[in-house]
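J.: Have a look at this one before I ask anything.
In my numbering, the protein residues as written are 12 to 139.
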């Protein structure tokens with residue numbers, strides 16, 4: 012299979028609330044908008060991928076789906092997101108595998124893992 016493009020799709024219970032969260036709280040940049048103005052779909056840049064928030068769902072949280080976002084400064088993001096009222100499920104801490112992680116949720120309780128790779132972690136070392 013040759014994958015030319017990809018994105019994660021989220022169908023929220025409350026489109027406006029979710030768009031506000033991803034645009035204004037997380038601060039994701041918009042790649043494109045589509046659809047009618049009263050029910051727009053928005054595709055956000057998500058690092059090297061894309062996140063589409065569109066449509067509507069009545070089935071609740073996204074089940075086993077998790078969004079993993081690597082950030083430069085986890086403590087700064089924690090302070091910023093807490094000040095904006097984001098739901099912080101777990102405070103930042105070092106995991107046994109060596110990454111610093113914090114867990115938050117979007118308005119539909121979709122789990123979002125924010126990760127910082129510490130300077131001494133093997134992911135930062137070029138082993139060639």
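Built from N, CA and C at the ideal position, the CB exists for glycine as well.
Spell out the partners DSSP gives residue 122 in its beta bridges.
T.: Counted from its first residue, the chain shown places residue 122 at position 111. Beta-bridge pairing links residue 122 to 116.
J.: Secondary structure at residue 35, three-state DSSP: helix, strand or coil?
T.: On the chain shown, residue 35 is found 24 positions in, with the first residue counted as 1. The answer is helix: DSSP assigns residue 35 an H, G or I state.
J.: Which whole runs of the alpha helix (DSSP H) in the stretch 29-102 are 4 residues long or more, in chain order?
T.: DSSP runs (the alpha helix (DSSP H)) wholly in the stretch 29-102: 85-94.
J.: How is the beta strand (DSSP E) around residue 20 delimited, first residue to last?
T.: Within the chain shown, numbered from 1, the residue matching residue 20 stands at position 9. It spans 19-21 - the beta strand (DSSP E) in which residue 20 sits, taken as one unbroken run.
J.: What is the rounded straight-line gap between the Cα of residue 99 and the Cα of residue 79?
T.: Walking along the chain shown from the start, residue 99 turns up at place 88. Walking along the chain shown from the start, residue 79 turns up at place 68. Taking the straight line joining both Cα atoms gives about 15 Å.
J.: Taking the alpha-carbon positions, what's the residue 45 to residue 107 distance?
T.: On the chain shown, residue 45 is found 34 positions in, with the first residue counted as 1. On the chain shown, residue 107 is found 96 positions in, with the first residue counted as 1. If I take the Cα positions, the gap works out to 42 Å.
J.: Check the C-beta distance from residue 115 over to residue 92 and give it rounded, since I have them as a contact under 8 Å.
T.: Within the chain shown, numbered from 1, the residue matching residue 115 stands at position 104. Within the chain shown, numbered from 1, the residue matching residue 92 stands at position 81. About 6 Å; that satisfies the 8 Å criterion.
J.: Three-state secondary structure (DSSP) at residue 135?
T.: Counted from its first residue, the chain shown places residue 135 at position 124. In the structure shown, residue 135 sits in a helix (DSSP, three-state: H, G or I).
J.: For residue 106, which three-state DSSP category applies?
T.: Along the chain shown, one-based indexing puts residue 106 at 95. Coil, per DSSP.
J.: Out of 105, 81, 130, 66, point me to the one whose CA is closest to residue 24's CA.
T.: Here residue 24 corresponds to residue number 13 of the chain shown, with the count starting at 1. The closest CA to that of residue 24, considering only 105, 81, 130, 66, is found on 66.
J.: Of the choices 69, 68, 39, whose alpha-carbon is the least far from that of residue 55?
T.: Residue mapping note: residue 55 aligns to position 44 of the chain shown, counting from 1. Among 69, 68, 39, the Cα nearest to that of residue 55 belongs to 39.
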